[in-house]
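Worksheet for the structure shown next.
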Amino acid sequence: MNFDSIFSAAQEAFLFYKNLPGKEKGEFLDTLAETLEANRAEIVPLAVKESNLPEGRINGELGRTTGQIKLFANMVKEGSWVEATVDPADPNRAPLPKADIRRMLTPLGPVVVFGASNFPLAFSTAGGDTISALASGCPVIYKAHPAHPETSRKVADCIHQAILKSGLPSALFTHVEGGIAEGQALVKHPAAKAVAFTGSHVGGMALFDLANKRDEPIPVYAEMGSVNPIFCFPKKLAANNDALAKAFVGSLTLGVGQFCTNPGLIFVPESQAKTFENAIAEELKDIAGAPMLHPGIAQAYYDSIQFLESREELRWVKVADPKHLINGSTALAEIKAADWLADKVFQKEVFGAFAMMVVYQSEDELAEIAKNLHGQLTITVWAEEEELRNQLFLINLLEEKCGRLLFKGAPTGVEVGYAMQHGGPYPSTTAANSTSVGAHAIKRFARPIAFQDMPQDLLPDALRDGNPLGIWRLVNGNYEK
1 MNFDSIFSAA
11 QEAFLFYKNL
21 PGKEKGEFLD
31 TLAETLEANR
41 AEIVPLAVKE
51 SNLPEGRING
61 ELGRTTGQIK
71 LFANMVKEGS
81 WVEATVDPAD
91 PNRAPLPKAD
101 IRRMLTPLGP
111 VVVFGASNFP
121 LAFSTAGGDT
131 ISALASGCPV
141 IYKAHPAHPE
151 TSRKVADCIH
161 QAILKSGLPS
171 ALFTHVEGGI
181 AEGQALVKHP
191 AAKAVAFTGS
201 HVGGMALFDL
211 ANKRDEPIPV
221 YAEMGSVNPI
231 FCFPKKLAAN
241 NDALAKAFVG
251 SLTLGVGQFC
261 TNPGLIFVPE
271 SQAKTFENAI
281 AEELKDIAGA
291 PMLHPGIAQA
301 YYDSIQFLES
311 REELRWVKVA
321 DPKHLINGST
331 ALAEIKAADW
341 LADKVFQKEV
351 FGAFAMMVVY
361 QSEDELAEIA
371 KNLHGQLTIT
381 VWAEEEELRN
391 QLFLINLLEE
401 KCGRLLFKGA
411 PTGVEVGYAM
421 QHGGPYPSTT
431 AANSTSVGAH
441 AIKRFARPIA
451 FQDMPQDLLP
461 DALRDGNPLG
471 IWRLVNGNYE
481 K
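Just so you know, we're using full-length UniProt numbering here: the sequence shown kicks off at 1 and counts up by one.
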């Protein structure tokens, strides 16, 4: 495959597309959402066949996919996301006159997006990475995931239909298939300006290292996994033991444990560990194994379980059953906090419906756990309000370890909205200051540019006097329209 011609066409499309008014970009995205919905009857069966996910889940995922497309369509049509900032000139300022400086976000250029295996729609061909890049003004070269090729091709066809209907350059989106070599070539190509990835830590770091060895290093926005710990406190457990066990198991086993926010770690006070463990075991006993996304993921899951079974620090409450290898059966192990703290291997993600219950003896031990915890996408705290007020130091520690801190419910169920943060400190991601879900994802694929003393008729509309777009701008330090 000739990547030079692909990137050359993408760069040409970029120089045209980046200057389109936000309204036209938004209308293109709306057209894409409509096209996907119009092809629902063909897309859903393909995704079900290739992912082992049930039809209801795929229908919901397609709804989430079109929903996030509409979110970005509305954002770019409104336009304030560019963070226009105006510092007008002051020729009379002493001792030196003040120049006219105007700043905004501008798109980076062609972006390489890697599809995810666990979301054949929402994190794949027309998923959040692709759509936030297109919304920002960047063309996308998309590397399809081999786990669901037919689904990816069909969705790519829908994207090209929308491009054609909108009268835009076809090179705005390019669908690429292949393996590791093709992925590496895309990242190394000098015309690539950023990379987005959702997958394993090994895969994400390989791309990160590759991008940073280029003559021109580029940002890699890699989401690489998380164990999403839950911290339990005595009074909350005493009042809601069975309900919390049910919520934990429901979140753990959702999607056969193949969500990036399934809770794989839960910290429980020693005085209530047995009661809570019994409630969890009761919930787990009726949950049958279900097919995982593909045999490779199932094999990796059972390989990880087998390794942990060799560790004498763990006591197994529920043992996984690999009899039907494609099926991911649930597993739960218990460990003392002191043993957990002694070896970082117990923090590694096991992608599937496995969790480790860590039994702690004191609040001091809990603080030590928080200090040693790796970076996470989410952390959940289950505590009564009185307990929370006494845990401000711990909460302060936990803020440094995650992208989203929850005080109710379970971490699965990532809302696609304006305030969502789906990203966290390393090793959960390579860029803790970004998100792969929600409105702020658009900013990954833009950079700031300032214009000094540029004539009014040459300025972008977002920065002109009179604010012709009617967007929110920071003018002389004050937000105004």
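We treat Cβ as the ideally placed atom computed from N, Cα and C, and that holds for glycine. On a predicted model such as this, the values are computed, not experimentally measured, just so you know.
Along the beta strand (DSSP E) that carries residue i, what are the first and last residues, could you check?
i, result
"aspartate 87", "85 to 87"
"glutamine 376", "376 to 382"
"proline 107", "101 to 107"
"isoleucine 335", "331 to 336"
"glutamate 223", "220 to 223"
"isoleucine 287", "Segment: none, isoleucine 287 is in no beta strand (DSSP E) and carries neither H nor E."
"threonine 174", "173 to 176"
Taking the continuous alpha helix (DSSP H) assigned at residue i, which residues delimit it?
i, result
"threonine 31", "22 to 38"
"isoleucine 449", "Careful: isoleucine 449 lies outside any alpha helix (DSSP H), inside the beta strand (DSSP E) at 446 to 452."
"alanine 273", "273 to 284"
"phenylalanine 7", "3 to 17"
"glycine 56", "55 to 78"
"alanine 355", "Not the alpha helix (DSSP H): alanine 355 falls in the beta strand (DSSP E), residues 354 to 360."
"glycine 477", "Element bounds for glycine 477: n/a, residue is neither H nor E."
"valine 187", "180 to 188"
Take residue i and list the residues in its own chain whose beta-carbon comes closer than 6 Å to its own, dropping the five residues that flank it on each side.
i, result
"lysine 25", "Val76"
"valine 113", "Asp129, Thr130, Val140, Tyr142, Ala196"
"glutamate 387", "Phe233, Lys235"
"lysine 246", "Glu283"
"leucine 373", "Lys401"
Using the Cα positions of residue i and residue j, report the straight-line distance between them to the nearest angstrom.
i, j, result
"lysine 443", "lysine 336", "42 Å"
"threonine 66", "lysine 23", "18 Å"
"leucine 105", "proline 460", "11 Å"
"isoleucine 43", "serine 117", "16 Å"
"asparagine 390", "glutamate 399", "16 Å"
"arginine 103", "proline 448", "7 Å"
"methionine 205", "alanine 273", "37 Å"
"residue 527", "leucine 254", "One cannot answer for residue 527 here, as it falls past the ends of the chain, which runs 1 to 481."
"glycine 413", "leucine 108", "31 Å"
"glycine 477", "glutamine 421", "26 Å"
"lysine 285", "glutamate 309", "20 Å"
"alanine 192", "alanine 300", "32 Å"
"isoleucine 6", "phenylalanine 173", "10 Å"
"glutamine 68", "alanine 99", "40 Å"
"leucine 121", "glycine 56", "13 Å"
"phenylalanine 72", "alanine 38", "19 Å"
"leucine 207", "histidine 201", "10 Å"
"isoleucine 58", "leucine 36", "13 Å"
Tell me whether residue i is buried or exposed, calling it buried when 16 or more other Cβ atoms sit within 10 Å of its Cβ.
i, result
"phenylalanine 123", "buried"
"alanine 89", "exposed"
"aspartate 343", "exposed"
"residue 482", "For the chain, the structure presents residues 1 to 481; residue 482 sits outside this window and is missing."
"alanine 239", "exposed"
"leucine 314", "buried"
"glutamine 258", "buried"
"arginine 404", "buried"
"glycine 199", "buried"
"asparagine 262", "buried"
Go through its chain and collect everything with a Cβ distance to residue i's Cβ below 7 Å, but skip five positions before and after it.
i, result
"lysine 371", "Leu397"
"arginine 40", "Leu62"
"aspartate 242", "Ala279"
"asparagine 467", "Arg473, Lys481"
"phenylalanine 346", "Ile335, Trp340, Met356"
"proline 217", "Ala211"
"alanine 281", "Val317, Lys318"
Starting from the C-beta of residue i, find all residues in its chain whose C-beta is less than 8 Å away, skip the five residues before and the five after it, and write them out in chain order.
i, result
"tyrosine 479", "Trp472, Arg473"
"threonine 125", "Gly115, Tyr142, Ala144, Thr151, Ser152, Val155, Ala156, Ile159, His175"
Validate contact between the stretch 282 to 297 and the stretch 52 to 70 using beta carbons, cut 8 Å, 3 pairs | yes
So, do the stretch 391 to 399 and the stretch 344 to 354 have three or more beta carbon pairs nearer to each other than 8 Å?
-> no
Given 8 Å as the limit, is there contact between the stretch 225 to 236 and the stretch 458 to 475, that is, 3 or more CB pairs closer than that?
-> no
Decide yes or no for the touch test of the stretch 181 to 191 against the stretch 153 to 168: beta carbon pairs closer than 8 Å, at least 3 of them.
-> no
Please determine if the stretch 325 to 332 and the stretch 361 to 370 are in contact, where contact requires at least 3 C-beta pairs separated by less than 8 Å.
-> no
If you pair each beta-carbon of the stretch 215 to 227 with each one of the stretch 412 to 430, do three or more pairs fall below 8 Å?
-> yes
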